[in-house]
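Structure record follows, encoded as structure tokens.
Written out as structure tokens, the structure is:
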């Protein structure tokens, strides 16, 4: 940053094989231009995304992580993306505890026909991360009101995370 | 022992090389990535010489792993796995880096694209080190095939397979097979009678010993995968027993209820409360229209039951759910016509003498509601001038951007029929004439000679607001004639709207049921637009006809036959090999907590109460990996998507983001021109 | 329901009947209209072709003056509605243009953030916000027996197609059918009334007016309902000129939709501004909906 360059966030995209990875392929086939910041890692299902992968991505220096899967109800494996929703909520909570802005993690639904939607979401996410700036782990961790609130909200969030969305 | 990895970066002509500096990516990978011993760029990796290069390098350089950076793995992963196999390497010791769909096609900044390509290649290289040799799983193919949709494409597919000696279930949701083609009068450009060429095929399908015909039935549920799909079919109650009905038609004759027929007659004609959709219907078994039947609505009548000589009417019949196992599925579900009321300025539904193309097809048909006479909505007046408007709902950003493909030819056919049957003048209002199949352009020339008039321009409106004496009481087509650059108002008596072909209403739902994808509009997506037009991304599911996109009858028939040929190939092989991507549980590590048991929607994890451990039933596992992510003991691992593989991929993808990641990808290699992290 | 209100110049003069009936109808429906303080002319249709920045600034000034507590601005005149909406959209689409307009506004100590105010036509508010139930709950006398031809004109539905079909709008048709009126299908309902053409080329203007009138007559309409002061003025004031120019004999009452809507609500003729129309409307109304009219007089 010292040389005055624009900050380009490094983002890991965990895309499921059936919908979102194909949406990204479709965006390519349709030549829908998008910022080059997302580096895609394919999994068979968004349900495969171990929360540890996300934390590892941040540990390795990613500025943001996008998990993308099939729309709820459209999962190739019937209902596994519902488990993704739960883990996503848990992860947000964990990130907050660690002092990482929760906006650095994003969950997107994109069907194989929605290349344009995926591209839009990528563009929005990149913009959002540019505003947030680089992940600056240590400096973000300081006891403040937000942290106190997060601790207060723990019980509630645990309960929410365990709810199965309709 | 260190791995020996070969990295190949594809130019894909200029598709990749136009945006990504492929030579730089290859050079960089060779210089910096641990274990890479060969790194090359090449014009077309998927060409036979590209594949050969991999095969030879595996032998000469003793490669133990291969990475190809090219297009999406959905496209060519199989190709390169086969090349690895030919070179003597287990095909799963290969990884593909998608630098075309995900980078070169969507990125404008060349430097940024090249940097991203490096990260994606680094990720693949890092991952492939952890790949394990795998063997695909064999699956026996059930020779029975389900064909969904009994239009011309589905009938063709069913007949091809049945003639080859294989059993077929032909499913149709209307009471008869035949589809849209059964509604047509003539077919372009040869003008042979649609019924004359279709009905023999329909009856052949109806009588074929290898075809089980299920009409008035719909696909409820699909499970399983290639070789052994389980399908549930709802056979809707016709209230007529098929085993007793002889198709004599007395019930129809005696039925006192008359209903407007919005299906087969496109709203132009009528049918009875109990009806056979059309004379040549297959099967010739009537259906009671429950919504309009006097007995079902008011509880009294049963005239059909009284007159039926074989006692076939069964008012208590219920929907049945039938279950079958099939090896393959062919979808041939066709299209529906654009709702022309969506363009209110064309007046359909408001101005009586504006017709849709389907209505006009029925009107021209000698067996149709007007007996083949071309008349206005009053049923008797012959038009003096007819306007045919092209591209109604097609090639229009407000409705559908695509070209419906067949309407120009259908419009020419209509023009010919009007000129032949009446004394009327015919005007065609077109944007571009598209007549690009065998014999089509000749037909266009013929209509020019026959005196059909052509105005190039998109019609602004069809109105009954007259301005002159000539316009009084008629419809006026307001259009900009783009060849003369003038606004024109042309008074006519009849307007035919060439409505767009649209995907069926439930296309998305059906796609979801069988696990394939649709375009944004709702057309089913083929495996490859050019080289694999009837297969889908889901093995064992094929598509044919208009459900894949608008097309004419010859193309639909060709696709039906092509899909059948693909299926026949799989059946005759007997065994197919599927990806060995399944989970497995290390019993040593399993604590028996059973968290995974309830996570699996396929019930593929069972619990051994004696050993107190969980176990994966390989035949049921689909490989989603949700259980792997959930196991607190890390006892579950997924073939080809194991934790260490995913983690390694992460390290590569983030090589330029932290010291830790950088150290990982370089390993023992000496560091050359790598960025200083955190500068 | 509370909205900012931009009446526009016409409502102060030629279409006082529109102003009165709007006030009465909105009061009856519990809609509070807060007039923009110190509003100025929207520049009508001509100003844009003379000087774009001045035209935009003149319009944006009104947007900037909208009470900070309110986010919705109702404009009952088609030209005002289109101008206000157009400038808001242009400023939102082109930030550089918005900066220029705001630089001009800054001279008067004003600033407008594009998108802050949503510009809406009164018909849209009645149709969408009040809705069918809200309208019908207020009906005292059904207008059954009266055939109305809703006339939208060109500026209300074009180029913005976000609230009705630009080629064949239906919102006023639906609104009037909710109060019992018989709405006739009317092919020219979104055609041009000629605007200021009456001042420039009589022949052109009269032909446009003739088409509208003839089309309504053919459709069997008893009355044309307008939602724009200019349209109403042209059709009403120039009807006799059209008759003498073409030798026709049109006697089509031209009313504001709010006047007829108000009749259904049982409001008085005086409240609804009746009496200023040039082509007599009351005889027709008396004949078609006598009970409604009787109630309205008392």
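Protein chains in written order, with the numbering used here: chain A, 1 to 166; chain B, 1 to 679; chain C, 1 to 298.
Every residue gets a Cβ at the ideal spot worked out from N, C-alpha and C, and that includes glycine.
With 8 Å as the threshold, decide whether the Cβ of residue 68(A) is near any Cβ in chain B. On the first chain, residue 68(A) is found 68 positions in, with the first residue counted as 1. Interface annotation, residue 68(A): not in contact with chain B, CB-CB separation never under 8 Å.
DSSP on residue 387(B), reduced to helix/strand/coil? Counted from its first residue, the second chain places residue 387(B) at position 387. Correct three-state label for residue 387(B): strand.
Helix, strand or coil, according to DSSP, for residue 95(C) in the structure here? The residue you call residue 95(C) lines up with position 95 of the third chain. DSSP places residue 95(C) in helix when its eight states are reduced to three.
Where residue 284(B) falls: helix, strand or coil (DSSP): As a position in the second chain, residue 284(B) is number 284, starting the count at 1. Of the three classes helix, strand and coil, the one that applies to residue 284(B) here is coil, per DSSP.
Who are the Cβ neighbours of residue 28(C) in its own chain at under 8 Å, not counting the five residues just before and after it? The count along the third chain starts at 1 and reaches residue 28(C) at position 28. Counting only residues of its own chain and dropping the five nearest sequence neighbours on each side, residue 28(C) has a CB closer than 8 Å to the CB of 138, 262, 265, 267.
Taking Cβ positions, are residue 650(B) and residue 56(A) nearer each other than 8 Å? Walking along the second chain from the start, residue 650(B) turns up at place 650. Walking along the first chain from the start, residue 56(A) turns up at place 56. Their beta carbons are under 8 Å apart, which means residue 650(B) touches residue 56(A) by this criterion.
Can you tell me whether residue 121(C) is buried or exposed, with buried defined as 16 or more other CB within 10 angstroms of its CB? The sequence position of residue 121(C) within the third chain is 121, counting from 1. Of the residues assessed, residue 121(C) falls on the buried side of the cut-off, its CB having 16 or more other CB atoms within 10 angstroms.
So residue 400(B) contacts chain C; which residues on that side make the cut at Cβ distance below 9 Å? Sequence index remark: in the second chain, residue 400(B) carries index 400 (1-based). In chain order: nothing, as chain C lies at least about 17 Å away.
Reference residue 447(B); option with closest CA among 358(B), 460(B), 411(B), 70(B): On the second chain, residue 447(B) is found 447 positions in, with the first residue counted as 1. Out of 358(B), 460(B), 411(B), 70(B), 411(B) has the C-alpha closest to the C-alpha of residue 447(B).
In whole angstroms, what separates the C-alpha of residue 7(A) from that of residue 134(A)? Your numbering for residue 7(A) matches position 7 in the first chain. Your numbering for residue 134(A) matches position 134 in the first chain. Here the C-alpha atom of residue 7(A) lies approximately 7 Å from the C-alpha atom of residue 134(A).
Pairing CB atoms from the segment 357-372 of chain B with CB atoms from the segment 579-598 of chain B, are three or more of them under 8 Å? Segments in contact, no.
Give a yes or no on whether the minimum CB-CB distance between residue 80(A) and chain B is below 8 Å. Position 80 of the first chain, counted from the start, is the residue given in the question as residue 80(A). At least one beta carbon of chain B lies nearer than 8 Å to the beta carbon of residue 80(A).
For residue 570(B), count neighbouring C-beta atoms within 10 Å of its own C-beta (all shown protein chains included) and say buried if the count is 16 or more, exposed if not. Stepping through the second chain from its first residue, residue 570(B) is reached at position 570. Burial call: buried.
Is residue 122(A) helix, strand or coil when you go by DSSP? One-based indexing of the first chain puts residue 122(A) at position 122. Looking at residue 122(A) - three-state DSSP - the assignment turns out to be helix.
Rounded straight-line distance, which links the Cα of residue 532(B) to that of residue 318(B): For the purposes of this step, residue 318(B) is identified with residue 318 of the second chain, where counting begins at 1. For the purposes of this step, residue 532(B) is identified with residue 532 of the second chain, where counting begins at 1. So the two alpha carbons sit approximately 41 Å from each other.
Inter-residue spacing [alpha-carbon to alpha-carbon] between residue 612(B) and residue 591(B): If you number the second chain from 1, residue 612(B) lands on position 612. If you number the second chain from 1, residue 591(B) lands on position 591. Approximately 8 Å, taken between the alpha carbons.
Please check if any C-beta of chain B sits within less than 8 Å of the C-beta of residue 125(A). In the first chain, residue 125(A) corresponds to position 125, counting from 1. Interface flag for residue 125(A) against chain B is unset, since no Cβ pair is found closer than 8 Å.
State the DSSP-derived secondary structure class of residue 47(A), mapped to helix, strand or coil. Reading the first chain from its first residue, position 47 is the one you call residue 47(A). Shown here, residue 47(A) sits in a helix according to DSSP, grouped into three states.
Should the segment 144-162 of chain C be called in touch with the segment 73-84 of chain C, which here means at least 3 C-beta pairs below 8 Å? With the cut-off at 8 Å, the segment 144-162 of chain C and the segment 73-84 of chain C touch.
Which whole-angstrom value is the C-beta distance of residue 57(C) and residue 101(C), which I expect to be below 8 Å? Position 57 of the third chain, counting from 1, holds the residue named residue 57(C). Position 101 of the third chain, counting from 1, holds the residue named residue 101(C). 5 Å between Cβ atoms; contact.
Alpha helix (DSSP H) runs wholly inside the segment 228-272 of chain C, at least 4 long, in chain order: Segments of the alpha helix (DSSP H) lying fully in the segment 228-272 of chain C: 229-237, 239-246, 257-264.
Note the first and the last residue of the continuous beta strand (DSSP E) segment covering residue 498(B). Counted from its first residue, the second chain places residue 498(B) at position 498. Counting along the chain, the beta strand (DSSP E) containing residue 498(B) begins and ends at 494-499.
Straight-line gap, residue 463(B) to residue 346(B) (C-alpha atoms, nearest Å): Indexing the second chain from 1 puts residue 463(B) at position 463. Indexing the second chain from 1 puts residue 346(B) at position 346. Residue 463(B) and residue 346(B) have their alpha carbons spaced roughly 7 Å apart.
Cutting at 6 Å between CB atoms, please list the residues of its own chain near residue 461(B), excluding the five before and the five after it. Here residue 461(B) refers to the residue found at position 461 of the second chain. Taken in chain order, the residues that qualify are 345, 478.
Reduced DSSP category for residue 83(C) - H, G, I as helix; E, B as strand; rest coil: Here residue 83(C) refers to the residue found at position 83 when the third chain is read from its first residue. For residue 83(C), the three-state secondary structure derived from DSSP is helix.
Mind listing which residues of the segment 98-113 of chain B have their C-beta closer than 9 Å to chain A's C-betas, in chain order? Flagged, chain order: 98, 100, 101, 102, 103, 104, 105, 106, 107, 108, 109, 112, 113.
Determine, for residue 39(A), whether the minimum Cβ-Cβ distance to residues of chain B falls below 8 Å. Stepping through the first chain from its first residue, residue 39(A) is reached at position 39. True, the Cβ-Cβ gap to chain B drops below 8 Å.
Who are residue 655(B)'s beta bridge partners in DSSP? Indexing the second chain from 1 puts residue 655(B) at position 655. Paired residue(s): none; residue 655(B) is not in a bridge.
When the Cα atoms are used, what is the spatial distance from residue 502(B) to residue 397(B)? Taking the first residue of the second chain as position 1, residue 502(B) is located at position 502. Taking the first residue of the second chain as position 1, residue 397(B) is located at position 397. Straight-line Cα distance between these residues: approximately 14 Å.
Residue 340(B) classed as buried or exposed, judged by whether at least 16 other C-beta atoms fall within 10 angstroms: Against the second chain, residue 340(B) aligns to sequence position 340. With 16 or more neighbouring CB atoms inside 10 Å of its own CB, residue 340(B) falls in the buried class.
Does residue 679(B) come within less than 8 Å of chain C when only Cβ atoms are used? The count along the second chain starts at 1 and reaches residue 679(B) at position 679. At residue 679(B), the pLDDT of 44 sits below 50, so the modelled position is not reliable and the matter cannot be decided from this model.
Can you check whether the C-beta of residue 76(A) is within less than 8 Å of a C-beta belonging to chain B? Counting from 1 along the first chain, the entry for residue 76(A) is found at position 76. Interface residue, yes.
With a threshold of 16 other CB atoms inside 10 Å of the CB of residue 554(B), please say whether the residue is buried or exposed. As a position in the second chain, residue 554(B) is number 554, starting the count at 1. That one is exposed.
Can you give me the Cβ contacts of residue 21(B) inside the same chain, cut-off strictly under 6 Å, excluding the 5 residues immediately before and after it? Translated into positions along the second chain, residue 21(B) becomes position 21. Taken in chain order, the residues that qualify are 114.
Close beta carbons around residue 322(B), own chain, < 7 Å, minus the five adjacent residues each side: Start at 1 with the first residue of the second chain, and residue 322(B) comes out as number 322. A distance below 7 Å between beta-carbons, with the five flanking residues on each side excluded, links residue 322(B) to the following residues of its chain, in chain order: 233, 235.
What's the call for residue 96(B), buried or exposed, on a 16-neighbour Cβ count within 10 Å? Here residue 96(B) refers to the residue found at position 96 when the second chain is read from its first residue. Around the CB of residue 96(B), 16 or more other CB atoms lie within 10 Å, so the residue is classed as buried.
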